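Take a look at the structure below.
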Amino acid sequence: MATMLRDPKVLEYDILAIQEPWRNPFKETTHHPAKSAFHLCYPKEGEDGPARKTENRQSVLPLLRRVIEEYDQEEQIVLGDFNLHHELWGGSLHRPKDPEAEELAELIADQGLTNTLLPGTITYEEGDSSSTIDLCLLTVGLVDRIIRSGVDRSVEHDSDHLPITTVLDMRVAQIAKEPVRNWKALNKKVFQDVLTARLPQLRRPRTKTALDEYVKKVVEALWNAADAAVPKKLPCNKSKAGWSPECRDALKETKKLRHRYQQLHTEDSWEAYRIARNHKARTIRKALRDCHREKIEKAAESPGSLWRIAKWARNRDKPAPSITPELKNPATGQLAITPEEKTQLLKDTFFPTPPDASLEDISGIEYAEQIAVPPITSEEVEEAIRNTSPMKAPGPDGIPNMILREALPWIKIHLTRIYNHSLALGHCPEHFRESYTVVLRKPGKDNYTVPKAYRPIALLNTLGKIMDAIIAQRLGYLAEAHQLLPRTHIGGRRLKSTEHALHIIVEKIYEAWNEGKGKVVSLLLLDVSGAFDNVSHRRLLHNLRKRRIDEKIVRWVESFLKDRHTQILMDGYKSMQYKTSTGIPQGSPLSPILYLFYNADLVDANSSEDATTSVGYIDDVAIVAVGDTTEETCDLLRTALEKAQDWATKHASVFAPDKFQLTHFTRTRTRIDTQQTLQSPWGEIPPKPTCKYLGVTMDTALRWKPHIEEVRRKAMKTVAALQTLGNSRWGIGLHGMRKIYRGVAIPQIMYAGSIWSNADSYRKAYTQKTLETLQRIQVTAARAISGAFRATSRPALDVETHLLPVEQQIWKHNAETMGRILATRDIPEIDKYRDQNAAPSSRKRTYTSPLKKIYQALQEERDEDLDKQETIPPYITPPWWKGPVIRIAKDTESAEREHQVDIESGENNLRIYTDGSSINGHVGAAAVCLMTGETKKTYMGKDTVSTVYAAELQGIILALQIAEDDRERGNTRAKVIIYTDNQAAIRTSSKPQGRSGAYLLGEIAQQFQDFRTNSQRIEIRWIPAHTGIPGNEQADQAAKEATGWRAGNLPGQRAESRAELNDGRAAGKQKRGAERRLETHRSQQKECSNFTRA
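If you use UniProt numbering, the sequence shown corresponds to residues 1 to 1094, in order.
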């Protein structure tokens, strides 16, 4: 202690927290060095006798909770030796959990405290033992002010508790507030008038300069219209939400009495000042609380605001930093203090000069025939604009997506012309290549004075992002339709998710465990340093050409990547414009798909042999090696690393070996050496008992205990955030709270649930401990939602809050995941489950993979064979495909009026009415044409495998068949108008998407194309059901009769079934969902009655 107090470094600290400082037991004073700047004070004997000594063995945690809650309006720091062990702060190296540790974990979650130390940080060392028992906890408002926090051995002085240094930046940044646009106050009439007056004439730019000028004129027109139609607002620096006249009066009275006390210094004046001061604090605290509650209650009135307030509650411990601390140049050790110095250092970090790529192999290469694509259509432009988020942060031009949406009718033709000439010229306009670079903190870092603790996000001009999205959509289609990417390259591709990638790995592990005596699987997770920032442009263009991408797109991508300019935004400061000549801009919709083509060779290189498999998810690549011993698997991984390094040399990429993760997977206790290291060009890579891939913590035996604890920690944090949004007396109501829990917490809990919920090797899908953990989470959430007492039973809470019990929630998630996997056929390993003649394993006891358990359970539950599950392709039609004209009236009256106008028009139109119906457990479809007297009907099967939606699509197919029959009879029609009462069927027929009923949509698209080839116009219109319109009523009657129903509910002959009738995934889910809800209700009633009787 004495040496520490004499240490000059200690003088740099503002607060020195010492628990139980040493005291000399032989003298009345402590050892007190003469030059010490600290004074230790102990109570001495006085008039009331000697100092009292007491020992309180009770827990201090209840007192800590009361103190934190009492000062909940203030920022607080909680630190000390808690002497408790828990996974939350001890990580994977924690000791057995202490009884009070769970109480401390709940306190941290309830109060929204953040531990500044990374889990597993050693804070206590004695002999060979070490643990994490010293914590530093901060409230929400201090998290963004952390500069660094961690163990500092430079001030260690032979204590078993290691010193923890926490540096906070408490400066208040005075950032000038500039006027901002109040986009919600847009005057649409003024905007339209100014825009139509300012837009240039349609042009056909023949040169790059002319194209840039055209873009400039369109941007100026948009900005002038926005400037005229959108008012500005200037935030007041002195405004404070919740400040009321009562607060003002209380503050004024307190100041007056304080001034009086300073003059008189009497007991009465002090007492009056003290009372006024405390009253002021209570008044302000109440005003802020009431303001917070009023905002939440107002936000709960609209769905959009409800989700925004939920997002705020979840991220309240990650507020935007008020100011960036001084940054240290890792190369020179110099500090960057001014904004200019910081942005220059960050620019050098974000946009470094990458290593030269080895390009010898691409010189003089001849490429295969490329896949040509047609010009961009106006429908693609419209869809891309409508799919954008309206208020996403814009780029340097300041034009948000909502302005493009509002201007869409007038700018669509201009943008289509610009984008097509941009492709033809191979020139990305200069305006599209300008951006802002926003600096964001990487969460969970222990030192924010290092530039690598920040990440760049590009804010691009919205007109350019629309074209990026169109090109990305086209590349995605080409990749899927022509199989241009590796099968195991999962990320960023339509209808594929992280669970697909994880199941591929887990299936490989279980397959190896069941082979022979049981093999071992070694998993190596790679990490590329600055993956997007170090992309070699020439290599990327070569990869695109090698995989047959249209040369027009390749030339445009080349222009898109080069000569980009950006300005770095940080702490209200805008840097000078920097030129970036490397990498892919992070923030563009095009970046993920480009990187898939960039590192596809890395995934291919290690998937050519049976013993190794690579799985990629954008820039996260995992290599799986199978062998009899870990020595064998490490040899395989060493060879794989050599191939990976060869890829890195050719692609100017740099691996970060310190971030590699190696784990050996086996359930053999002694035969396998799980401590075998991997020899690599960068040295030894030691194995770890767990690794984290795509957000899932995988342990060596796949028991998933560490992951379940991580799920519990994150979910309890979300539930704690939910508790801040209201209770039984104020805030969001029960329905809103339930909606947030189901929309936020349930997906968070169930993420990758089909992997970890089936950890046991027996029939049970989950362990009892896992179930109890998840049940505790839901019970806590249900109490927050309903305001129920703690003594309320779990089944009663589930019933009253209408929440699925955890067991059924797990089953629901697993069944839906299996449905997606079966529909996409992306995991060929599942085919062996269907093979009844597959050779059984020679092992006495086999391990059943999570996917196989779900498959077997579904097979037992359903009557139909899972092989009949519909296959859903990622794309049914190309992005540039033009569907039929559709018309959906705004209401029933308008639809009836438009129908009557069509009837009375006298035009030679062929009108066909369609409908789908489900009755008595059967589904039918029909189409009726009153003009020709023709009726077509189809039986779609039971409602366990089909839906009314599928029947509506079949009705459109039947209508097109009637139209084809009419055309073959030699009749010439102005157009064919198909009337249907299902708006979803109308929309998906116009723009088919990969969803249930895909095989029907594909047939509809082909029929439309045939009619277009014959110059026949097709139009689909919405007509309200059951309003007495003759054609619609006949179609409804015919659809019911197709199921075998007759008037009076009598049985009759069913219509002919389709030759191809797939099991609709949505249909099965819909039927099972109804049955499951009934079973849920019954089981909950039973549990509640049992609890009541007990």
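Ideal Cβ placement from N, Cα and C applies to all residues, glycine included. Here the structure is a predicted model, which is why all the values come from computation and not from measurement.
When DSSP reads this structure, residue 336 sits in a beta bridge with 327. DSSP places residue 463 in the helix class (H, G or I) of the three-state scheme.
Contact between the stretch 339–348 and the stretch 568–582 is present: three or more C-beta pairs spanning the two stretches fall below 8 Å. Nearest neighbour of residue 782 by Cα position, chosen from 77, 720, 756, turns out to be 720. Cβ neighbours of residue 284 within its own chain (closer than 6 Å, five residues either side excluded): 247. Excluding residues up to 5 positions away in sequence, 886, 888, 980, 1020, 1022 lie with their Cβ nearer than 7 Å to the Cβ of residue 986 in the same chain. 8 Å or more divides the Cβ of residue 694 from the Cβ of residue 637. For residue 410, the uninterrupted alpha helix (DSSP H) segment begins and ends at 401–425.
When the Cα atoms are used, residue 925 and residue 913 turn out to be separated by approximately 11 Å. By the CB criterion at 8 Å, residue 460 and residue 581 fall outside the cutoff. Annotated as proximal: residue 928 and residue 1031, with beta-carbon spacing under 8 Å. When rounded, the separation of the alpha-carbon atoms in residue 716 and residue 771 is 15 Å.
Between the beta-carbon of residue 870 and that of residue 823 there is about 6 Å, and that keeps the pair under the 8 Å contact cut. Counting C-beta atoms within 10 angstroms of its own C-beta, residue 264 has fewer than 16 neighbours from the protein chains shown and is therefore classed as exposed.
In summary, residue 682 is exposed, with fewer than 16 beta-carbon neighbours lying within 10 Å of its beta-carbon over all protein chains present.
Looking at the DSSP output, residue 573 sits in a beta bridge with 570. Pairing residue 477 with residue 881, the inter-Cα distance amounts to about 12 Å. The C-alpha of residue 85 is placed about 6 Å away from the C-alpha of residue 101.
The DSSP assignment places 188–198 as complete runs of the alpha helix (DSSP H) inside the stretch 180–211, in order along the chain (cut-off: 4 residues). Burial state of residue 532 is buried, judged by a 10 Å Cβ sphere holding 16 or more other Cβ atoms. Under the three-state reduction of DSSP output, residue 592 falls in the helix class. Counting along the chain, no beta strand (DSSP E) covers residue 882, and no H or E run does either. If you draw a straight line from the Cα of residue 862 to the Cα of residue 686, it is about 47 Å long.
The DSSP assignment places 498–513 as complete runs of the alpha helix (DSSP H) inside the stretch 497–535, in order along the chain (cut-off: 4 residues). Residue 639: member of the alpha helix (DSSP H) spanning 630–650, first to last residue.
Per DSSP, reduced to three states, the secondary structure at residue 270 is helical. Looking at 659, 598, 615, the one whose alpha-carbon comes closest to that of residue 650 is 598.
A contact between stretches requires three or more CB pairs, one per stretch, nearer than 8 Å, and the stretch 725–735 fails this requirement with the stretch 772–781. Minimum Cα-Cα distance from residue 813 among the listed residues 942, 60, 794, 854 corresponds to 854.
Beta bridge pairing from DSSP links residue 458 with 437. According to DSSP, residue pairing for residue 489 in a beta bridge involves 616.
The beta carbon of residue 430 sits closer than 6 Å to the beta carbons of 212 from its chain, once the five residues preceding and following it are set aside; these are given in chain order. DSSP places residue 940 in the strand class (E or B) of the three-state scheme. By the Cβ test, the stretch 802–812 is in contact with the stretch 739–753, since at least three Cβ pairs between them sit closer than 8 Å. When DSSP assignments are scanned along the stretch 690–758, the uninterrupted stretches of alpha helix (DSSP H) that are 4 or more residues long and fall wholly within it turn out to be 705–723, 734–740, 746–750, 753–756. Across the set 329, 222, 372, the C-alpha of 222 shows the shortest separation from the C-alpha of residue 409.
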